[in-house]
Amino acid sequence: MRTPVTVRVQREDFDLNGEVAKLSAGRTDIGAVVTFSGLCRDEAGTLAALELEHYPGMAEAEIERICREAAARFSLQAATAIHRYGKVKPGENIVLVVTASRHRQAAFDGANFIMDFLKTSAPFWKKEHLGDGTSGGWVSAKDADDTARERWSTK
Amino acid sequence: MSTVNLVYFSWVRERIGKGEETLDVPAGVVTIADLLTHLKTLGEEYEAALEHENVIRAAINQEHVDHREPIAGAREIALFPPMTGG
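Protein sequences appear in the order of chains Z and P.
The first sequence lines up with residues 748 to 902 when you count with the numbering used here.
The second sequence lines up with residues 160 to 245 when you count with the numbering used here.
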């Protein structure tokens with residue numbers, strides 16, 4: 748069976764429990780579900796919001812490609828990835844990844860893999876809006892994110 | 160001469176001052192690298208946006224490519240900085 752993969756790029760928030768329920772509904776073969784959600788931090792009180800820009804079409808396609816690669820590599824039984832765009836305030840959700848597998852390690856690894864590749868190859872960009880009303884500029888890409896992705900090619 | 164739709168994101172979009180445009184591709188512009196060189200001749204805003212060519216990422220028809228990729232047959236070429244999603 749082709750692994751069910753759900754990908755959405757949306758302005759509105761998502762419901763973590765609802766997504767887990769949808770992914771596992773009617774199935775008795777799943778032994779492990781891992782969820783990762785990424786939230787907006789306030790950066791020690793200085794940040795008012797992040798504005799997320801994306802490349803419509805490519806963003807969905809790239810996340811789907813990453814999820815399919817993870818599904819094949821870790822024999823996942825299901826995967827869901829949701830990424831928001833627009834303005835997100837501190838404490839609010841940005842991204843959700845849910846993976847399911849027979850045993851826990853594959854679900855953990857699959858979620859980790861999806862996030863590492865999503866950060867470096869899904870076309871999203873974050874701009875900071877500061878508490879004093881000014882723009883903090885575009886967030887710079889981190890070398891640490893490239894390093895996190897590279898480790899999957901040596902395993 | 161062929162035409163291609165160009166789309167820009169993040170600070171590349173802001174510096175160029177528009178999100179998309181249609182370009183007549185001159186003869187001799189074969190790869191993404193050639194395209195970047197050509198765009199930089201179009202004005203200061205392009206020079207500012209594309210000054211550090213090595214950090215500029217490109218996609219052809221919504222798939223990542225490197226700067227050596229030929230652009231023949233491209234309907235849409237996107238130029239953008241390194242991604243910061245997640």
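C-beta: ideal position from N, C-alpha, C; glycine also.
From a predicted model like this one, the values you see are computed outputs, not experimental measurements.
Sequence-distant residues of its chain with Cβ nearer than 6 Å to residue i (five each side left out)
i               : result
A895 of chain Z : D863
Same chain, Cβ closer than 7 Å to residue i, neighbours up to 5 away in sequence not counted
i               : result
G176 of chain P : E204
T810 of chain Z : The residue asked about is misnamed: residue 810 of chain Z is Ile in this sequence, not Thr. Excluding positions up to five away in sequence, the list reads V754, A828, H830, L865 and A869.
I219 of chain P : E228, I230, A233 and I236
Close beta carbons around residue i, own chain, < 8 Å, minus the five adjacent residues each side
i               : result
A192 of chain P : E212, H226 and R227
R851 of chain Z : G778, A779 and V781
Cβ separation of residue i and residue j, assumed to be a contact under 8 Å, to the nearest whole Å
i               : j               : result
I861 of chain Z : I813 of chain Z : 6 Å
L195 of chain P : L182 of chain P : Actually they do not touch by this definition, with Cβ atoms about 12 Å apart.
Under 9 Å from the C-beta of residue i: neighbouring residues of chain P
i               : result
A903 of chain Z : Here chain Z comprises residues numbered 748 to 902, so residue 903 of chain Z is not present and cannot be evaluated.
Cβ of residue i within 8 Å of any chain P Cβ
i               : result
L786 of chain Z : no
K873 of chain Z : yes
T753 of chain Z : no
A869 of chain Z : yes
V865 of chain Z : Looking at the sequence provided, one finds Leu at residue 865 of chain Z rather than Val. At least one chain P Cβ lies under 8 Å of L865 of chain Z.
M748 of chain Z : no
V886 of chain Z : yes
For residue i: DSSP bridge partner residues
i               : result
D892 of chain Z : In DSSP, D892 of chain Z forms no bridge with anything.
F239 of chain P : P:R216
8 Å Cβ cutoff, residue i in contact with chain Z
i               : result
A237 of chain P : yes
A207 of chain P : no
T181 of chain P : no
G202 of chain P : no
A218 of chain P : yes
Amino acids of chain P, ordered along the chain, whose beta-carbon sits closer than 7 Å to that of residue i
i               : result
A818 of chain Z : Going along chain P, no residue has its Cβ under 7 Å from A818 of chain Z, so there is no contact; the nearest lies around 19 Å.
G804 of chain Z : Q221
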